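FYI, in the working numbering the residues of the sequence shown are 12 to 308.
For each residue, glycine too, the CB sits at the ideal point set by N, CA and C.
Note that the structure is a prediction, hence the values are computed from the model and not measured.
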Amino acid sequence: MNWDIAKKDFKRYLQLERGLSNNSIEAYLNDVNKLESYCTYTQLPLDAIQTRNLQQFLLFINDFHISPYTQARLLSGLKTFFAFLQIEYLITTNPAEHIEAPRLNRKVPSVLNIQEIDALIGAIDLSTAEGMRNKTILELLYGCGLRVSELVNLKISNLFLDVEFIKVEGKGNKERLIPIGQQAIKYLKIYLNEVRAKGPIKAGFEDIVFLNRRGAQLSRVMVFLIIKDLAKKIGLTKTISPHTFRHSFASHLVEGGADLRAVQDMLGHESITTTEIYTHIDRDYLQSIITQYHPRS
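Structure representation (structure tokens):
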């Protein structure tokens with residue numbers, strides 16, 4: 012079994028059968044490349060790898076002080092690779108199958124309360140074209156729980172405002188429909204009709220919703236900078252990013268009693284386990300209320 016051929020076939024499998032994004036595919040291949048480098052150094056052929064060899068590899072990697080999260084992700088990538096080899100090359104066992112990943116302390120994401128969100132949006136100067144665009148961006152990030160990549164790639168042809176839905180392309184090129192509220196619809200229409208329609212539009216970006224002042228697609232970095240500047244403007248000490256609005260969207264829905272499966276669908280999470288992190292936020296919030304107001308606390 013040849014490393015180059017196996018990696019080439021694995022890449023094709025991830026693209027065609029798993030439908031993963033280019034970034035995800037690159038991450039998987041990087042995991043395999045690390046193992047290949049180790050096996051080349053130890054003169055271990057691909058078809059001779061056993062569980063104890065992978066355990067030695069993980070110990071070797073650990074010496075570089077790689078975080079438990081990175082080690083867990085690396086192991087997950089290798090399990091997928093060897094599972095593929097079982098299917099494609101009929102190897103008898105998956106040497107990574109029974110190796111346990113390091114325990115992870117799941118980090119609860121930072122969220123904004125509604126007063127902080129209102130303050131950020133209220134700090135936008137609506138007298139400028141960029142200001143109206145930026146307000147629309149924040150209304151969509153918070154109102155629909157979009158990833159920043161989904162926001163900057165949003166298409167006019169995927170806006171169904173008459174039925175109050177938008178269609179976005181998420182991870183792995185998977186499309187999903189998300190309900191959009193009246194507030195976001197209001198500012199989206201103002202931006203499209205009164206700002207975007209009057210500005211320059213470069214060829215190739217006619218269907219993209221959010222454009223920069225030169226008429227090209229707005230970049231992810233620009234959205235980060237917009238939010239950082241607003242946080243500085245209102246003196247917000249929390250470290251926030253576009254993803255903070257997505258976390259806040261989910262957290263506020265769960266706090267309000269929304270069904271977890273519905274939140275999972277809106278966020279585009281493959282596993283309900285990922286969405287369940289927001290129940291921890293809700294419990295932390297309730298605990299803080301008890302601590303603050305209960306006489307026995």
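{"Item": "Rounded C-alpha distance that separates residue 163 from residue 67", "Value": "43 Å"}
{"Item": "Cβ neighbour criterion (16 or more within 10 Å) applied to residue 39", "Value": "buried"}
{"Item": "Three-way DSSP call (helix, strand, coil) for residue 180 in this model", "Value": "strand"}
{"Item": "Local conformation of residue 61 per DSSP, three classes", "Value": "coil"}
{"Item": "Exposure of residue 53, with buried meaning 16 or more beta-carbon neighbours within 10 Å", "Value": "exposed"}
{"Item": "Through-space distance from residue 21 to residue 13, alpha-carbon basis", "Value": "12 Å"}
{"Item": "Top-ranked residue by Cα proximity to residue 152, from 79, 75 and 255", "Value": "255"}
{"Item": "Residue 273 classed as buried or exposed, judged by whether at least 16 other C-beta atoms fall within 10 angstroms", "Value": "exposed"}
{"Item": "Cα-Cα separation between residue 97 and residue 41, rounded to whole angstroms", "Value": "20 Å"}
{"Item": "Expected contact under 8 Å - CB spacing of residue 7 and residue 235 to nearest Å", "Value": "Beyond the ends of the chain as shown, which are 12 and 308, falls residue 7; an answer cannot be given."}
{"Item": "The alpha helix (DSSP H) enclosing residue 188, as first and last residue numbers", "Value": "Premise fails: residue 188 lies in the beta strand (DSSP E), 186-190, not in any alpha helix (DSSP H)."}
{"Item": "Residue 301 versus residue 262: straight-line alpha-carbon distance, rounded", "Value": "Unreliable placement is indicated for residue 301, whose pLDDT of 44 sits below 50; the coordinate value is still reported in the next sentence. If you take the alpha carbons of residue 301 and residue 262, they lie about 19 Å apart."}
{"Item": "Close beta carbons around residue 227, own chain, < 6 Å, minus the five adjacent residues each side", "Value": "213 and 216"}
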